[in-house]
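First comes the structure, then the notes that go with it.
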Amino acid sequence: MSLRSVNQVADHLGVTADDIIDAAGFTLGELEHAAEQHGYCASCYRQVPVISDREVQIITTRLSS
1490 MSLRSVNQVA
1500 DHLGVTADDI
1510 IDAAGFTLGE
1520 LEHAAEQHGY
1530 CASCYRQVPV
1540 ISDREVQIIT
1550 TRLSS
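Have a look at this one:
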């Protein structure tokens, strides 16, 4: 299963990272926790691969609505 970071998906879709976070329904706490689990500092949460290809499809649909 391929995972992408918030920044990667934002670049791919041409939107902001905040748009991706909102459309995905993530909370800041969830993303910071994932960052720490992957060995990043919490403030680097936008760089952590947490979004699946299926979630990218869902996010794309939500943003185009």
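Adding 1489 to a residue's 1-based position in the sequence shown gives its number in our numbering.
Glycine included, C-beta positions come from ideal geometry on N, C-alpha and C.
This structure is a prediction, so every number in the text was calculated from the model and none was measured.
Residue i versus residue j: straight-line alpha-carbon distance, rounded
| i | j | result |
| --- | --- | --- |
| Ala1523 | Gln1497 | 16 Å |
| Ser1541 | Arg1493 | 6 Å |
| Val1545 | Tyr1534 | 17 Å |
| Ala1506 | Leu1552 | 12 Å |
For residue i, the first and last residue of its enclosing alpha helix (DSSP H)
| i | result |
| --- | --- |
| Arg1535 | Run containing Arg1535: none; DSSP gives neither H nor E here. |
| Val1556 | Since the first and last residues shown for the chain are 1490 and 1554, residue 1556 lies out of range. |
| Gly1514 | Counting along the chain, Gly1514 falls outside any alpha helix (DSSP H), and DSSP gives it neither H nor E. |
Three-state secondary structure (DSSP) of residue i
| i | result |
| --- | --- |
| Ser1541 | strand |
Close beta carbons around residue i, own chain, < 8 Å, minus the five adjacent residues each side
| i | result |
| --- | --- |
| Glu1519 | none |
Same chain only: Cβ atoms within 7 Å of residue i, ignoring 5 sequence neighbours per side
| i | result |
| --- | --- |
| Ile1548 | Val1498, Ile1509, Ala1512 and Ala1513 |
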